[in-house]
Amino acid sequence: MAVLVAAVLTLAGCGGSDNAGDAVEHPEGSRALVLNQPTAVGDYRVVASNVTADEAGIDVVSDGPAEGGTVALGDEATIGGFTFTLVDIELDEKDSAPGGSRTTVWILPAD
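Mapped onto this note's numbering, the consecutive letters of the sequence shown carry residue numbers -7 to 103.
Here it is in structure tokens:
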């Protein structure tokens, strides 16, 4: 599994892409989570919050109450039965109205 994570990080550019001019290709099957917007991923609803250049708060909802945790860039995590790797963070540094941020966290769900 560690080899897979290392390969994913290599493909993902191994770091956040906080510059608007950076074109980063994300691994096949990865999903974008826009800050504070619930996203359906399989049987789960996943939300990214409290995002920095190095980590993101991730909340997962399935059949029960939401479960959450902080995940560092490049780490694999299991939250609420959902396993994924956090492969990229794109910070939107522009001033925007509440709910207007385009900060995006990219995750790669495990098979």
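Think of the CB as a built atom: it goes at the ideal place given N, C-alpha and C, for glycine as much as any other residue.
DSSP-derived helix/strand/coil call for residue i
i      : result
Ser22  : coil
Pro101 : strand
Gly49  : strand
Glu17  : coil
Leu68  : The sequence as given places Glu at residue 68; Leu does not occur at that position. Glu68: strand per DSSP, three-state reduction.
Thr44  : coil
Gly60  : strand
Thr96  : strand
Cut-off 7 Å between Cβ atoms - residues of its own chain near residue i, not counting five sequence neighbours on either side
i     : result
Val97 : Leu25, Ala40, Val43, Ala48, Leu78, Ile81
Gly61 : Ile50, Ala69, Ile71
Ser93 : Leu27, Asp84
His18 : Ala4, Val79, Asp80, Trp98
Beta strand (DSSP E) segment containing residue i, residue limits
i     : result
Ala40 : 36 to 41
Val79 : 74 to 82
Residue i versus residue j - alpha carbon distance
i      : j      : result
Ala102 : Leu65  : 16 Å
Thr20  : Ala58  : According to the sequence provided, residue 20 is Glu. The question's Thr does not apply to it. The straight-line gap from Cα to Cα measures roughly 27 Å.
Ala27  : Asp55  : Note that residue 27 is Leu in the sequence shown, not Ala. The alpha-carbon atoms of Leu27 and Asp55 are separated by roughly 22 Å.
Gly34  : Thr95  : 22 Å
Lys86  : Leu100 : 26 Å
Cβ-based neighbour list, residue i, same chain, cut-off 6 Å, excluding 5 preceding and 5 following
i     : result
Thr31 : Leu25, Val38
Tyr36 : Val52, Ser54, Phe74
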